[in-house]
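In our numbering, the protein residues as written are -7 to 285.
Note that CB positions come from ideal geometry on N, CA and C, so glycine has one too.
This one's a predicted model, so the numbers in the text were calculated from it and none came from an experiment.
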């Protein structure tokens, strides 16, 4: 709606995980490098964790682009609320295994055949499970057993589990200690620092066609970082709404007043927000109280 008004070639703050807008902060660059290394070196189990909205799925999309460019076979399971039977069925569909996809035995035989063939060609196969914190214990055990497939050159299948911090706590459970011992690489995404948040906003605007942005003043970006607590997904939602507010007001500069309205509409809370709301309510109440001499 506002793209033409601001001169954007595309929406800069789309909530979809688009690798084209991937901001390479130091921690994201390191995490992606670890994922690629884990796949290349056949390390077996890799865990990627982070709070909701910190960019895990975007990271996995970047990894997917890399694997497609390298012609690496992979299965990407985005729905983790599945049982063991559905787990094997989804693997069979994603890898297009020539077998009865409702038979665990046949899926395992076909998968093993694929892994052996790829290994003979010096290649590997990757299994990515997003939202892995939702996996049932039984499915996690099946994943652990898949990790036993290996030859003298390394693991035949590389398994990447991505999820919220609950995944780390789940893997610490005594009944999963065998799986925990097999995890050789761990990556954790933290919310943006103020510097990263500012560079993130400016990089997305630049990618959308505004290299020298003046829509968000520096003090406003600092306030956005505070109120979103550095979560990329929330930053996107707030900035998108701010651009819409500016478009409606026919101005090309966003303000703190617009941010107040957006945060109220989004029901955002941040450190100090409740105290600020109480102070505002008290000030409004005083204004409504008639002056008495």
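Straight-line CA distance for residue i to residue j?
i, j, result
"residue 61", "residue 25", "16 angstroms"
"residue 161", "residue 46", "18 angstroms"
"residue 145", "residue 231", "48 angstroms"
"residue 229", "residue 40", "24 angstroms"
"residue -3", "residue 239", "7 angstroms"
"residue 177", "residue 191", "28 angstroms"
"residue 52", "residue 246", "32 angstroms"
"residue 54", "residue 263", "33 angstroms"
"residue 185", "residue 211", "15 angstroms"
"residue 74", "residue 127", "7 angstroms"
Starting from residue i, trace the alpha helix (DSSP H) in both directions and tell me its first and last residue.
i, result
"residue 179", "Not the alpha helix (DSSP H): residue 179 falls in the beta strand (DSSP E), residues 175 to 181."
"residue 76", "76 to 87"
"residue 289", "Residue 289 is absent from the structure shown; the chain starts at -7 and stops at 285."
"residue 7", "That residue, residue 7, is in no alpha helix (DSSP H); it is neither H nor E in DSSP."
"residue 32", "18 to 32"
"residue 250", "248 to 257"
"residue 223", "Counting along the chain, residue 223 falls outside any alpha helix (DSSP H), and DSSP gives it neither H nor E."
From the DSSP output, which residues share a beta bridge with residue i?
i, result
"residue 96", "In the DSSP output, where bridge partners are listed per residue, residue 96 has none listed."
"residue 147", "142"
"residue 128", "Answer is none; residue 128 lacks a bridge partner."
"residue 42", "181"
"residue -2", "Answer by DSSP bridge pairing: none, since residue -2 is not bridged."
"residue 241", "Bridge partners of residue 241: none, in fact."
"residue 154", "40"
Less than 8 angstroms between the CB atoms is what I'm expecting for residue i and residue j, so what's the real figure, rounded?
i, j, result
"residue 76", "residue 121", "Rounded, the Cβ-Cβ distance is 13 angstroms, inconsistent with contact."
"residue 36", "residue 114", "About 17 angstroms separates the two Cβ atoms, so there is no contact after all."
"residue 254", "residue 234", "6 angstroms"
"residue 265", "residue 250", "Actually they are not in contact, since the Cβ atoms of residue 265 and residue 250 sit about 16 angstroms apart, beyond 8 angstroms."
"residue 34", "residue 110", "11 angstroms between Cβ atoms; not a contact."
"residue 67", "residue 119", "5 angstroms"
In or out: residue i buried (at least 16 other Cβ within 10 Å) or exposed?
i, result
"residue 204", "exposed"
"residue 29", "exposed"
"residue 196", "buried"
"residue 92", "exposed"
"residue 243", "exposed"
"residue 134", "buried"
I'd like the span of the beta strand (DSSP E) that includes residue i, first residue to last.
i, result
"residue 287", "Outside the shown range of the chain (-7 to 285) lies residue 287, about which nothing can therefore be said."
If you measure from the beta carbon of residue i to each beta carbon in chain E, is any gap under 7 angstroms?
i, result
"residue 236", "Absent from the structure is chain E; it holds one protein chain and no more."
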